[in-house]
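Comments concern the structure below.
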Amino acid sequence: MTTLFNPRSIDFTPFLFFTGKGGVGKTSTACATAIALADRGKQVLLVSTDPASNLQDVFEVELQNKPTAIPNIPNLFAANLDPEIAANEYKEKVIGPYRGKLPEPVIASMEEQLSGACTVEIAAFNEFSTLLTNKELLRFTFEGAGCCGPQLGLSLDNPQTTDRLEIINGIRVAMDEQVASIIKGVTLDAEETEEGVQFVLLGLNQCC
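Taking this note's numbering, the leading residue of the sequence shown gets -12, the next gets one more, and so forth.
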């Protein structure tokens, strides 16, 4: 007898993803949410996939790929999911049992075949699936890497970055005069439209 597969019948562990561009407060929001859920008695695992994660700075505890209990915050665990570390562990699980049993050229060939980007993606997905199927934890909070910045080639050591910032600096934006008046460090120019409606041109003196 066969039954129709229904994803809703699977007992998934609830999870939240926090993603977006860099600097918008993903880490702060994810940490606050995780702590709030933990305070309500939920066992929570907070996971960061950002290569430049600062969760360890927030909680002042060393974090790795595996869940670590956060001191003084009952029910809260955290982990920094590093795809490269996950890939190395995944490769060793595949190759390890054959070390000393197969010739070295064969082992070297296996290592080469598992050194591509696909292995990193598979390993990262494997880590995600392992965490999501952990029935001991009741909630997951994932904090992702910023989707802008390095991905757009905007690192500060990129020569093109300076040119882009020069273009942004001095940009002028139409803004309501009352709103513009409360912003400090800007240049305000009042002008009249053809309909006689006054508006303000906001000149940014410096790009953030």
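By construction, the Cβ of each residue, glycine as well, lies at the ideal position given by its N, Cα and C atoms.
Span separating the alpha-carbon of residue i from that of residue j
{"i": "G28", "j": "N62", "result": "7 angstroms"}
{"i": "A56", "j": "I22", "result": "12 angstroms"}
{"i": "V81", "j": "S102", "result": "12 angstroms"}
{"i": "Q51", "j": "G9", "result": "22 angstroms"}
{"i": "G7", "j": "A19", "result": "17 angstroms"}
{"i": "Y85", "j": "A95", "result": "11 angstroms"}
{"i": "E91", "j": "V45", "result": "45 angstroms"}
{"i": "Q100", "j": "E76", "result": "15 angstroms"}
{"i": "S168", "j": "S15", "result": "Residue placement at S168 is poorly supported in this model, since its pLDDT is 49, which falls under 50; the coordinates still yield a value, given next. Rounded to the nearest angstrom, the two C-alpha atoms are 30 angstroms apart."}
{"i": "T36", "j": "V93", "result": "33 angstroms"}
{"i": "P54", "j": "V11", "result": "25 angstroms"}
{"i": "I60", "j": "S116", "result": "25 angstroms"}
{"i": "E98", "j": "G83", "result": "10 angstroms"}
{"i": "L139", "j": "K88", "result": "For L139, the predicted structure reports a pLDDT of 49, less than 50, and the residue's modelled location is therefore unreliable. A value from the coordinates is still provided. Whole-angstrom Cα-Cα distance: 46 angstroms."}
{"i": "L(-9)", "j": "A104", "result": "35 angstroms"}
CB of residue i within 8 angstroms of CB of residue j, strictly
{"i": "A73", "j": "A110", "result": "yes"}
{"i": "E79", "j": "V107", "result": "no"}
{"i": "E114", "j": "L68", "result": "yes"}
{"i": "V34", "j": "A25", "result": "no"}
{"i": "F2", "j": "K13", "result": "no"}
Supposed contact pair residue j and residue i - C-beta distance, whole angstroms, cut 8 angstroms
{"i": "P38", "j": "V48", "result": "Their Cβ separation, rounded to whole angstroms, is 19 angstroms, which puts P38 and V48 out of contact at 8 angstroms."}
Residue burial classification, residue i (beta-carbon count within 10 angstroms, cutoff 16)
{"i": "A17", "result": "buried"}
{"i": "S40", "result": "buried"}
{"i": "T120", "result": "exposed"}
{"i": "F112", "result": "exposed"}
{"i": "L118", "result": "buried"}
Residue i CB to nearest heavy atom of the ligand GDP below 7 angstroms
{"i": "T(-10)", "result": "This structure simply doesn't include the ligand GDP, nor any ligand for that matter."}
Q: Taking only runs that begin and end inside the stretch 24 to 88, name each unbroken alpha helix (DSSP H) of 4 or more residues, in chain order.
A: Runs of the alpha helix (DSSP H) lying entirely within the stretch 24 to 88, each at least 4 residues long, are 42 to 46, 70 to 82 in chain order.
Q.
Could you tell me which whole alpha helix (DSSP H) segments of length 4 or greater appear in the stretch 92 to 124?
A. Whole alpha helix (DSSP H) segments, 4+ residues: 104 to 119.
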